[in-house]
Amino acid sequence: AAPVASSANATDGLRATDPASPSGAVATAPAGTPDGASAPGDSDFEPVVSEGDVVVEAQQLGFGTVRRVFEVAEACPLGRVELDVGVNSMPDGSVTLTAPSGRSARLRLRALQIDFVKTWDWAALEDLHDERGTPMAGTWVFESRLRGADYSQSATGETAPMPVPDVTVVRLRLFCEPRRGAPSAWGDAGDGVRLDEWTARWEPGARRPRPGADARALVAVRRDCTLGGVVADLELGFRTATEGRVRLVEPDGTTHDLGRVLAHAGVDRPGRHRFSRTLPLERGPRAAGLWELVFREAGADDSIEAASLRFLCAAP
């Protein structure tokens, strides 16, 4: 199918589903998964997020080694990009996303899992971070080099490669930086001058939430400016699986829902999940004060292991 471009609204859902289940239950790795292997892949599940200033998508790209070109016409400065890749079998290999400038991010994809969609958020696409602020428009290229993962049957002890996976969907979600001159302007202030930005961090504590309570991280900010936006980064810890929503609370009590988290741990290892969201602040609040990141409905074994807020000052 040819790529399509559209605007989309945020939706919630699961990263891996059982096609036979109308409820969309999380699919699990078959019996015989080797110790140390992760059911969803080398990293954890990511939340389903379909919003974006530009969304381009292609379906049924083919088996194993594929290449797809996406032409993007939107000329706004790039704020961030997120990548979804769906496969129908157990993959082992890598995928690469190349920006119009030629910079690329190569991403490992290995999973003892079938029929799932893997999401890489902006934090995971570190090799493309220098693209931020450059024109979004141009040719974006997706490439995959995948084979079937080696799979061990517990009954026989024999190991054999799975079939070469079919790449069922590739989706790019591209986000613009807020426009210059607006109350939430950030980034390049003109004439090559970069607007002020800095990061405030929270150090992990020993507290764990009560069952059903919220995990919280308080970030005390002493520097001040009129904000254009804030980037929230969290690392969540859990035992086997976790689900909840992340909220950001400003010093004046204004609360922002940053999205849903659904994550699963690998076999015989505790879970870690990275969560990152960029939040434009149109009304230009002040930075100084006590900010709070909240992981709502956290379980007894859930915790915030690390947190940071990157503040971006608005143009004067």
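Here the sequence shown is numbered in this note's numbering, starting from 26 and rising by one per residue.
The C-beta atom is built at its ideal place from N, Cα and C for all residues, glycine as well.
Quiz item: Just how far apart, CA to CA, sit Gly262 and Ser333?
Solution: 15 Å
Quiz prompt | Closest residue to Pro186 among Arg196, Trp165, Leu137 (Cα-Cα distance) | solution = Leu137
Exercise. Check each candidate in Val271, Gly278, Cys201, Arg247 and name the one with the smallest Cα separation from Ala312.
Key: Arg247
Self-check item: Residue from Glu156, Arg285, Asp152 with nearest C-alpha to Arg272
Solution: Arg285
Quiz item: Does DSSP put Glu156 in a helix, a strand or coil?
Solution: helix
Exercise. Could you pull out every residue in the same chain whose Cβ sits closer than 7 Å to the Cβ of Ala124, ignoring the five residues on either side in sequence?
Key: Leu153, Glu156, Trp165
Quiz prompt | Pairwise C-alpha distance: Glu183 and Asp175 | solution = 10 Å
Practice problem: Report yes if the CB atom of Leu199 is closer than 8 Å to the CB atom of Val120, and no otherwise. | Solution: no
Exercise. Scan the segment 263-307 and note each continuous beta strand (DSSP E) run of 3 residues or more that stays entirely inside, going in chain order.
Key: 266-274, 280-289, 296-305
Quiz item: The beta strand (DSSP E) spanning Cys250 covers which residue range?
Solution: That residue, Cys250, is in no beta strand (DSSP E); it is neither H nor E in DSSP.
Practice problem: Could you tell me if Gly296 is buried or exposed, where buried requires 16 or more neighbouring beta carbons within 10 angstroms of its beta carbon? | Solution: buried
Practice problem: Write down every uninterrupted run of the alpha helix (DSSP H) in the segment 83-170 whose length is 4 residues or greater and which is fully enclosed by it, in chain order. | Solution: none
Practice problem: Classify Glu151 as buried or exposed, calling it buried when 16 or more other Cβ atoms lie within 10 Å of its own Cβ. | Solution: exposed
Quiz item: From Val255, Arg299, His281, pick the residue whose C-alpha is nearest to that of Thr267; which is it?
Solution: Arg299
Self-check item: 8 Å Cβ shell around Glu99 - same chain, five flanking residues per side excluded
Solution: Asp78, Val79, Met161, Ala162, Leu199, Cys201
Quiz item: Thinking C-alpha only, which one of Ala149, Ala130, Ile139 is nearest Glu15?
Solution: This structure gives no information on residue 15, because the portion of the chain shown stretches from 26 to 341.
Exercise. Look at Ala149 and Glu260 and say whether their C-beta atoms are less than 8 Å apart.
Key: no
Quiz item: What do you reckon, are the CB atoms on Leu86 and Leu134 nearer than 8 Å?
Solution: no
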